[in-house]
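A short worksheet on the structure shown next.
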Amino acid sequence: MAYVPPHKRHSKERGGPSPVPASLSRQFKKGLNFRSPKANAHQSGKIVYANTAISRWLAVGLDDDGDHLPSGVFLKPVSVEAVERRSGEKPLALAKSCVANEDDETGRDRGKKPWVHIAETVMPDLVSSFEVVRSEIEGQSMEEIKPTLVARFGKILFHGSPSFPAETCGDMDTETSLRQLKRSFYTNIPPSFVENVTLRIIPEIGLNFEGEKDIYHVKLSDKYRPDSTISCKCSVSEADQRLELYKVELNQVRHMVVDVSCLSKDLDMRLMLCTKRILTAISEKEKDSIGDLISSAVIDSSVKGGLRWPVGKESSGDRYSIVGVWHTISKTYKNSSMRLKVRHADRFDFGISHGEVTEETVVKLKGITSELHEQSLGTESICDMLKDAVKMTGEHLLSCGNAVI
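In this text, residue positions in the sequence shown follow UniProt numbering: the first is 1, and each later residue adds one.
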């Protein structure tokens, strides 16, 4: 892949906003469950789903019958340049007018709290997905597989244009109409929200500071692994300010993804069970080729992603080539059951010649993951832990105050 000079990496301004479509008010199911979705792949990091993966969309904050969007809730286009560069169009997000119902706890189901509904809906999928993960761990010898259950925060984005007039939406088949729109999760959140999490929320929920990490991630395509992306985690040597490789991973595999539209909150939530695959069996030739690419990198804070390569050094032979770079600075806070990470990420994607800086917050539910490892454990206690975790996120991590999304 040709080297992109630093001065050409910076993105240009996009055109003006497109017209807002008519309000979407139609019947839909509380959750949509799709198995074996196609991988949504782009150059800097392929998104890979397991063959038995479960993808579900839930919404909390519905009207009294539990099946209709409130009259003040509609789809509108939003400007997300990184997404637009890949798809060529503005994504859509659920929004609400000032007349929308503000009570998400009584609007959907007056007899059940939203975190109870979410946890009870997710539990069967979580248990079945983890059984698949456990079998993969037991049968693997070339990689170290680490499962993780996480909660991420941001906005659910829908892609594509509804192929039906808004006035006839109520007569359309619910599942058919929603399948027409692809879904993604955008994790960039306002810096003011990150500051609020760090200064106020972390002490409130009883987390202690664990540490700070400054990491460069070099993303490589591998001719012999066309369905995967290699991620090289690197630190900077204090002696000569050069990159040092300390871990080689394959991209994550997603086993369960549950997106929750929180209609009366500022942010949405994604619950995801995924596995991280650390390569443990690499030949000396592979190590040397990857090492050559890493050692050729030049640290340069003036370019997107923080790294650049001399002309002709952005690939190694005919096997490996650089497809993306990330520079992340993260602070981690933890207690016995969870680990919360706030991360500043500077990314550059060689495939679309575009970079983006994001602020992100993610919670690793390590207590639930540990309990799932206990094969004899009943699901009731895990469900209770999941209810507590979802309740905590709803009360503390889904509101931005005066921050602008």
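Cβ coordinates follow ideal geometry from the N, Cα and C atoms, glycine included. Since we're looking at a predicted model, the values are computed, not measured.
Euclidean distance between Cα positions of residue i and residue j
i	j	result
residue 267	residue 153	6 Å
residue 48	residue 365	21 Å
residue 156	residue 94	8 Å
residue 224	residue 148	27 Å
residue 60	residue 269	11 Å
residue 87	residue 355	15 Å
residue 346	residue 327	5 Å
residue 323	residue 138	32 Å
residue 406	residue 217	Here the chain covers residues 1 to 405 and nothing more, so residue 406 does not appear.
residue 263	residue 201	21 Å
residue 128	residue 387	18 Å
residue 210	residue 122	29 Å
residue 308	residue 350	11 Å
residue 96	residue 117	22 Å
residue 124	residue 293	44 Å
residue 367	residue 383	12 Å
residue 321	residue 119	42 Å
residue 246	residue 291	10 Å
residue 54	residue 230	24 Å
residue 333	residue 244	26 Å
residue 339	residue 288	35 Å
residue 126	residue 298	43 Å
Cβ-based burial, residue i [other Cβ within 10 Å; buried from 16]
i	result
residue 259	buried
residue 114	buried
residue 312	exposed
residue 227	exposed
residue 301	exposed
residue 208	exposed
residue 282	exposed
residue 203	exposed
residue 214	exposed
residue 79	exposed
residue 184	buried
residue 77	buried
residue 50	buried
residue 89	exposed
residue 389	buried
residue 304	buried
Collapsed DSSP secondary structure at residue i in the structure displayed
i	result
residue 322	strand
residue 314	coil
residue 194	helix
residue 380	helix
residue 47	coil
residue 363	strand
residue 82	helix
residue 281	coil
residue 395	helix
residue 370	helix
residue 463	Because the chain is modelled from 1 through 405, residue 463 falls outside the range shown and cannot be assessed.
residue 181	coil
Cutoff 7 Å; reference residue i; Cβ partners in own chain excluding five residues on either side
i	result
residue 342	194, 197, 198, 330, 331, 361
residue 274	148, 252, 253, 254, 255
Residues of its chain near residue i, where Cβ-Cβ distance is below 8 Å and the 5 sequence neighbours each way are ignored
i	result
residue 381	371
residue 181	92, 158, 159, 160, 162
residue 236	214, 216, 242, 243, 244, 299
Contact set for residue i: own chain, Cβ-Cβ below 6 Å, skip 5 residues either direction
i	result
residue 315	321
residue 278	144, 249
residue 52	132
residue 188	358
residue 337	367
With a floor of 4 residues, list each alpha helix (DSSP H) that falls wholly inside the region 112-159, ordered by position along the chain. 114-139
Starting from the N-terminal side, write out each stretch of the alpha helix (DSSP H) that is 4 residues or longer and does not extend beyond the region 190-247. 191-196
Write down every uninterrupted run of the beta strand (DSSP E) in the region 247-306 whose length is 3 residues or greater and which is fully enclosed by it, in chain order. 268-279
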